[in-house]
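Trainee: In the numbering used here, the protein residues as written are 4 to 452. I have a structure I would like to understand better, so I am pasting it below and will then ask my questions one at a time.
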């Protein structure tokens with residue numbers, strides 16, 4: 004190796020090492036709970052496993068380059084591995100740095116905690132039922148430039164991150180190392196809109212246990228009250244996520260989604276076979292039937308919307324399916340599933356009777372705080388966890404609270420009255436060791452070792 008080759012190699016070796024220092028710093032910060040970042044430790048640890056794999060690829064390419072100085076193929080492969088790893092790290096670096104933005108931090112904290120509590124609530128129940136679910140870190144909330152929310156989990160690739168506007172050219176087809184939930188900044192700026200997170204974590208549970216797959220299989224032999232089985236199977240994933248949304252979000256989830264669907268009605272006069280989401284002319288009334296199957300009473304504003312919906316003339320194709328929606332809802336909510344060890348989705352519902360008194364008081368606090376400009380004396384309410392805040396916010400919003408003040412009051416309540424844990428993990432223990440074993444059992448091109 005000539006002196007020039009040695010100089011080039013030394014520079015390449017330095018380039019190969021810089022990401023490792025930043026990943027190590029993220030893991031140090033989260034392990035020390037510095038700046039409250041401890042809630043992301045399990046996510047950072049899982050990301051660290053993935054980055055170790057990419058580091059190994061870079062190191063291998065660097066070794067080949069050292070053995071073959073001047074070889075254009077070795078040089079090109081090193082650049083591909085280096086840039087690919089750099090792109091991946093730049094995405095997650097940006098996502099984690101957003102947690103240090105003065106404006107975004109309180110909103111992202113709330114979204115992170117709501118998503119984590121809801122996800123771990125579902126995962127812990129699945130573990131208690133001995134479903135064989137692999138304990139994973141809770142999802143990381145990622146901001147994206149879109150009006151709606153979306154989720155991506157173990158079955159997705161890094162390509163999902165391009166939906167949030169990130170540039171990924173080299174490693175788009177690699178498995179996603181941690182689950183993510185994508186929200187718009189506008190959704191994060193409205194605490195009540197975070198009830199949509201319940202639907203998204205429903206997708207993540209479904210991805211782990213394939214609940215919708217079993218629903219599709221069972222629907223082949225189930226009459227569904229005459230409902231089109233093909234339509235059901237095409238939309239099964241979204242329907243299961245809606246059911247879980249109602250189980251976790253109750254009347255607040257119904258109210259929020261119903262308004263979104265009502266707004267979409269004029270644009271969806273026909274069925275789009277390529278759209279995995281149920282047509283709003285079916286999904287909206289089915290949402291109310293799902294609520295009824297759970298025994299959830301919609302909010303007064305939701306009943307007003309429902310009456311407005313019934314006053315509309317539906318497309319001709321939607322008349323017959325709507326007559327069978329009660330049967331479809333009962334099938335979705337009450338069917339006992341082998342993937343849930345003979346339990347139904349209905350059994351994922353919150354213990355609403357236990358939280359109802361505290362939740363009602365919290366709604367009252369938010370409404371009163373908007374009028375007083377501050378929280379009433381002794382506003383802290385026992386039994387309120389993070390993932391109840393969007394529910395209280397939605398109830399307060401439709402109950403007459405001033406919206407801008409409400410959002411600020413929810414963030415203030417979380418800051419002043421809710422305990423921020425040092426780490427987030429499953430009741431079964433820290434999920435990272437199991438995830439590390441799973442991750443290292445596979446090369447990250449999806450092929451088993």
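Beta carbons are placed, not taken as given, at the ideal position from N, Cα and C, and that holds for glycine. Since we're looking at a predicted model, the values are computed, not measured.
Within its chain, find whatever has a CB closer than 8 Å to the CB of residue 8; leave out the 5 residues flanking it on each side and keep chain order.
Mentor: For the purposes of this step, residue 8 is taken as the residue at position 5 of the chain shown. Closer than 8 Å at the Cβ level, and outside the excluded window around residue 8, lie 72 and 73.
Trainee: Give the straight-line distance between the Cα atoms of residue 309 and residue 292, rounded to the nearest whole angstrom.
Mentor: On the chain shown, position 306 is the one that residue 309 refers to. On the chain shown, position 289 is the one that residue 292 refers to. When rounded, the distance between both Cα atoms is 11 Å.
Trainee: What runs of the alpha helix (DSSP H), each 4 residues or longer, lie entirely inside the region 294-357?
Mentor: Whole alpha helix (DSSP H) segments, 4+ residues: 303-313, 319-325 and 328-337.
Trainee: State yes or no: is the C-beta of residue 116 within less than 7 Å of the C-beta of residue 153?
Mentor: As a first step, residue 116 is located in the chain shown; it is residue number 113 there, counting from the start. As a first step, residue 153 is located in the chain shown; it is residue number 150 there, counting from the start. Cβ atoms of residue 116 and residue 153: not closer than 7 Å.
Trainee: What does DSSP give as the partner residues of residue 147 in its beta bridges?
Mentor: Taking the chain shown and counting its residues from 1, one reaches residue 147 at position 144. Paired residue(s): 187.
Trainee: Since I believe residue 232 is in contact with residue 222 (beta carbons under 8 Å), could you give me their beta-carbon distance rounded to a whole number of angstroms?
Mentor: As a working note, residue 222 is residue 219 in the chain shown. As a working note, residue 232 is residue 229 in the chain shown. About 5 Å separates the two Cβ atoms, so the contact holds.
Trainee: Alpha carbon to alpha carbon, how far is residue 376 from residue 32?
Mentor: As a position in the chain shown, residue 376 is number 373, starting the count at 1. As a position in the chain shown, residue 32 is number 29, starting the count at 1. Distance between the alpha carbons of residue 376 and residue 32 is about 36 Å.
Trainee: Among 278, 402 and 16, which residue has its Cα nearest to the Cα of residue 239?
Mentor: The residue given as residue 239 occupies position 236 in the chain shown. If we check each option's Cα against that of residue 239, 278 comes out closest.
Trainee: As an exercise, report each continuous alpha helix (DSSP H) stretch of at least 4 residues that is fully enclosed by the region 61-143, in chain order.
Mentor: Entirely contained in the region 61-143, the alpha helix (DSSP H) runs reaching 4 residues are, in chain order, 75-100 and 107-131.
Trainee: Is there contact here, the region 252-268 with the region 388-396, by at least three beta-carbon pairs under 8 Å?
Mentor: Contact holds: three or more Cβ-Cβ distances are below 8 Å.
Trainee: Over the uninterrupted beta strand (DSSP E) stretch that includes residue 152, give me the two end residues.
Mentor: Against the chain shown, residue 152 aligns to sequence position 149. Counting along the chain, residue 152 falls outside any beta strand (DSSP E), and DSSP gives it neither H nor E.
Trainee: Identify, in the order they occur along the chain, each residue of the same chain with its Cβ nearer than 6 Å to the Cβ of residue 176, setting aside the five sequence neighbours on each side.
Mentor: Along the chain shown, read from residue 1 onward, the residue named residue 176 stands at position 173. For residue 176, where only same-chain residues beyond five positions count, the Cβ hits under 6 Å are 160.
Trainee: If distances are taken between C-alpha atoms only, which option among 347, 403 and 418 comes closest to residue 382?
Mentor: For the purposes of this step, residue 382 is taken as the residue at position 379 of the chain shown. Ranking the options by Cα distance to residue 382, first place goes to 418.
Trainee: Of all the options 193, 416 and 334, which has the alpha carbon lying nearest to the alpha carbon of residue 365?
Mentor: The residue you call residue 365 lines up with position 362 of the chain shown. Ranking the options by Cα distance to residue 365, first place goes to 416.
Trainee: Just curious, the alpha helix (DSSP H) that residue 233 is in, first and last residue?
Mentor: As a working mapping, residue 233 is identified with position 230 in the chain shown. It spans 232-237 - the alpha helix (DSSP H) in which residue 233 sits, taken as one unbroken run.
Trainee: The alpha helix (DSSP H) with residue 393 in it runs from where to where?
Mentor: For the purposes of this step, residue 393 is taken as residue 390 along the chain shown, with counting starting at 1. Segment 392-401, the alpha helix (DSSP H) holding residue 393.
Trainee: Would you kindly work out how many angstroms separate the C-alpha atoms of residue 193 and residue 59, rounded to a whole number?
Mentor: Walking along the chain shown from the start, residue 193 turns up at place 190. Walking along the chain shown from the start, residue 59 turns up at place 56. When rounded, the distance between both Cα atoms is 42 Å.
Trainee: Once DSSP output is grouped into helix, strand and coil, what is the label at residue 288?
Mentor: For the purposes of this step, residue 288 is taken as residue 285 along the chain shown, with counting starting at 1. If DSSP states are grouped into helix, strand and coil, residue 288 belongs with the helices.
Trainee: Which of helix, strand or coil does DSSP assign to residue 279?
Mentor: By 1-based counting over the chain shown, the position of residue 279 is 276. In this structure, residue 279 counts as coil in the three-state DSSP scheme.
Trainee: Whole angstroms are fine: how far does the CA of residue 70 sit from the CA of residue 84?
Mentor: Against the chain shown, residue 84 aligns to sequence position 81. Against the chain shown, residue 70 aligns to sequence position 67. C-alpha separation (whole angstroms): 17 Å.
Trainee: Please name the residue, chosen from 124, 296, 329 and 141, that lies closest to residue 226 on a Cα-to-Cα basis.
Mentor: To locate residue 226, count along the chain shown from 1; it is residue 223. Comparing Cα positions, the closest option is 329.
Trainee: Contact between the region 315-333 and the region 420-428 is defined here as three or more beta-carbon pairs at a separation below 8 Å; is this criterion met?
Mentor: No: the two stretches stay apart, fewer than three of their Cβ pairs being nearer than 8 Å.
Trainee: If we call anything under 7 Å between Cβ atoms a contact, is residue 156 one with residue 207?
Mentor: Residue mapping note: residue 156 aligns to position 153 of the chain shown, counting from 1. Residue mapping note: residue 207 aligns to position 204 of the chain shown, counting from 1. Cβ distance < 7 Å, so residue 156 and residue 207 count as in contact.
Trainee: Here's the rule I'm using: 16 or more other beta-carbon atoms within 10 Å means buried, otherwise exposed. How should residue 144 be labelled?
Mentor: To locate residue 144, count along the chain shown from 1; it is residue 141. Buried.
Trainee: Kindly indicate which three-state DSSP category residue 360 falls into: helix, strand or coil?
Mentor: Locating residue 360 in the chain shown gives position 357, where the first residue counts as 1. Three-state result, residue 360: helix.
Trainee: Between the Cα of residue 348 and the Cα atoms of 234, 20 and 338, which residue gives the shortest distance?
Mentor: Here residue 348 corresponds to residue number 345 of the chain shown, with the count starting at 1. Nearest C-alpha to residue 348: 338.
Trainee: Which partner residues of residue 160 appear in the DSSP bridge assignment?
Mentor: As a working note, residue 160 is residue 157 in the chain shown. Its beta-bridge partners are 178.
Trainee: Tell me whether residue 180 is buried or exposed, calling it buried when 16 or more other Cβ atoms sit within 10 Å of its Cβ.
Mentor: Residue mapping note: residue 180 aligns to position 177 of the chain shown, counting from 1. The residue in question, residue 180, is buried, as its Cβ has 16 or more Cβ neighbours within 10 Å.
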